[in-house]
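Here this note's numbering is used: the first residue of the sequence shown is -2, the next is one more, and so on. Worksheet: the structure to be examined is printed underneath.
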Amino acid sequence: NENPPSKKRPFRFYDNRQKYLGFVNTCDEKWKVAERAAHELSHVQPVPPALRIFDAGVGDGSVLSYLLRATHQKFPTIPFFVVGKEISLEDVRLCLDNLPDRFAEHPASVICITNLFYSEAPWLMPGNMAAAAALNWHEISLQGSSAQEYGEQLKAIDDILVDGWEVKVSEKTGNPRYVRPSVLVIFREDNRFLLDSVIPRRGQVSGDYDLILAAQPWRARMSAQFKAEKVLAPLVRSLGPGGRLLAVQSAGGDPGMELVNLVWPDENPFQVNRHELLKALKDKLGRAASNYNFNAASDNKSLMKYEMKTLPNEIAGGIGTSTLFAAWNASTYVAQIEDDRLQPAVASGAYLEATEKVLQKHNGIWFNDETFVVSRKRNSIAHGASHSHSSAGQSSSGK
């Protein structure tokens, strides 16, 4: 199911597993995003039968796991209905490794993983009738009462994952798309009776989410209109009354971007800010926009700083090559620089000098994200209870 890079289809930054893992394991963005998402729980007022959460790019599951721990602390006795969207087979495997402890601590949980498009995933149903008929739906009821037992059972479903998470490349956009639409529904068998009204049935998922997290769900260089139409609008329409969507995207204006501009002076990947995104979203929603509150917040509240972790005194002395490479990798990953543009800079060795200069200037390296919130008014009319039957394209995530 892998498509080798070719001259017609450049090897994209988000295809490179090594770069992604290098970034997430050296920078603390995921924890900062998770903490910010947890703050939204103070505004959540769930209604029976469950508190409903949607993660629009679950990745390796570390953000979702943190968020579920925080949610359990605030709502220890309320059933959870959770949906995570992820098209990467490798990330789904990593995500499942993070779930056993969640089922042990919060038994009344139903967690679903799907590879559907943004226009489909909140409702766990493809918009295309042929795809809906071929929906690959798997219900996994976990036996036992310990995280160890649940972990072993989730490892045993790898054949289901390999079959269900096969991807192909869109001839139109070059983005990865699912070969077959798939949904995993996971819950504890000893809680089946309690969760009867929470466990989803095929074609009967209403959306109505209390909290949606959309962290880096698009390529930075895509237009505001694309992001609003393909990602934000369908997610916002799936909010329940009083539900909140927290969006996070890179903002630039940081040492990471300073490093990128030392090598590519005209590089400016973050041209669509949160204000433009919200305007495009309002335009896309049309009259229905009156059902929502749009909160861009001030820079002081919106901007969120995260950093690359280094050892004490690692920057003050001679900076090791591994640290230089980690900082370079993080900066070019965040700026979404394609591999074919990276190669000349790396071959010349210029990147090492530029990276060392920035690290010494700032005594490290950090990055800025910006956040915004869209909330559905509690007294708003019900709409978007079922998803649009348009086959919106799979947007690519920088994760």
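Glycine included, C-beta positions come from ideal geometry on N, C-alpha and C. Every value quoted in this text rests on a predicted model; they were computed, and no experiment measured them.
In terms of alpha-carbon separation, which member of 75, 13, 110 and 82 lies closest to residue 232?
-> Ranking 75, 13, 110 and 82 by Cα distance to residue 232 puts 82 first.
By a C-beta neighbour count over all protein chains shown, 10 Å radius and 16 as the cutoff for buried, is residue 352 buried or exposed?
-> By the neighbour-count rule (16 or more Cβ atoms within 10 Å), residue 352 is buried.
Give me whichever residues DSSP pairs with residue 213 in a beta bridge.
-> Looking at the DSSP assignment, residue 213 forms no beta bridge with any residue, so it has no partner.
Cα-Cα separation between residue 363 and residue 29, rounded to whole angstroms | Rounded to the nearest angstrom, the two C-alpha atoms are 12 Å apart.
Start and end residues, beta strand (DSSP E) containing residue 49 = Counting along the chain, the beta strand (DSSP E) containing residue 49 begins and ends at 48 to 52.
Using the C-alpha atoms, what's the distance from residue 186 back to residue 273?
-> Cα-Cα distance, rounded: 46 Å.
For residue 104 and residue 188, the rounded distance between their alpha carbons = Approximately 7 Å, taken between the alpha carbons.
Is residue 445 near residue 112, with beta carbons less than 8 Å apart?
-> The structure shown does not extend to residue 445, since the chain is modelled only from -2 to 396, so the question has no answer here.
Do residue 277 and residue 222 have their C-beta atoms within less than 8 Å of each other?
-> Yes, these two residues count as a Cβ contact at 8 Å.
Would DSSP call residue 13 helix, strand or coil?
-> In this structure, DSSP gives residue 13 a state outside helix and strand, which the three-state scheme calls coil.
Find the nearest neighbour of residue 356 within the set 337, 324, 370 and 331, judged by alpha-carbon distance.
-> Considering only alpha carbons, the answer is 324.
Alpha-carbon to alpha-carbon, residue 197 and residue 162 | Cα to Cα, the separation comes out at about 20 Å.
Residues near residue 403 in its chain [Cβ-Cβ closer than 7 Å; skip 5 each side] | Past the edges of the chain, shown from -2 to 396, lies residue 403, and the structure says nothing about it.
Considering only the beta carbon of each residue, do residue 366 and residue 247 sit closer than 8 Å?
-> Contact annotation: residue 366 and residue 247 have beta-carbon atoms nearer than 8 Å.
Would you say the segment 68 to 80 touches the segment 213 to 222, given that touching needs at least three Cβ pairs under 8 Å?
-> Per the Cβ contact rule, the segment 68 to 80 is not in contact with the segment 213 to 222 (fewer than 3 Cβ pairs under 8 Å).
Spatial distance of residue 114 from residue 358 (CA atoms) = Spanning the two alpha carbons is a distance of roughly 43 Å.
Spatial neighbours of residue 53 within its chain, please: CB distance less than 8 Å, with the 5 preceding and 5 following residues excluded, ordered by chain position.
-> Only 82, 115, 118, 209, 210, 211, 212, 214, 228 and 232 meet the Cβ criterion.
Can you tell which of 181, 131 and 164 has the C-alpha that lies nearest to the C-alpha of residue 172?
-> Residue nearest to residue 172 within the set 181, 131 and 164 is 164 (criterion: CA-CA distance).
Counted within 10 angstroms of its Cβ, other Cβ atoms place residue 126 as buried (16 or more) or exposed | Flag for residue 126 reads exposed.
Exposure label - residue 375; buried when at least 16 CB within 10 Å | The residue is exposed, with fewer than 16 neighbouring Cβ atoms inside 10 Å.
Verify whether the separation of the beta carbon atoms of residue 373 and residue 238 is less than 8 Å.
-> With respect to the 8 Å criterion, residue 373 and residue 238 are classified as neighbours on the basis of their beta carbons.
C-alpha distance - residue 309 paired with residue 97, whole-angstrom precision | Cα-Cα distance, rounded: 34 Å.
Between the Cα of residue 256 and the Cα atoms of 348, 311, 134 and 283, which residue gives the shortest distance?
-> For residue 256, the nearest C-alpha among the options comes from 348.
Does the beta-carbon of residue 37 have 16 or more other beta-carbons within 10 angstroms, so that it is buried, or is it exposed?
-> The residue in question, residue 37, is buried, as its Cβ has 16 or more Cβ neighbours within 10 Å.
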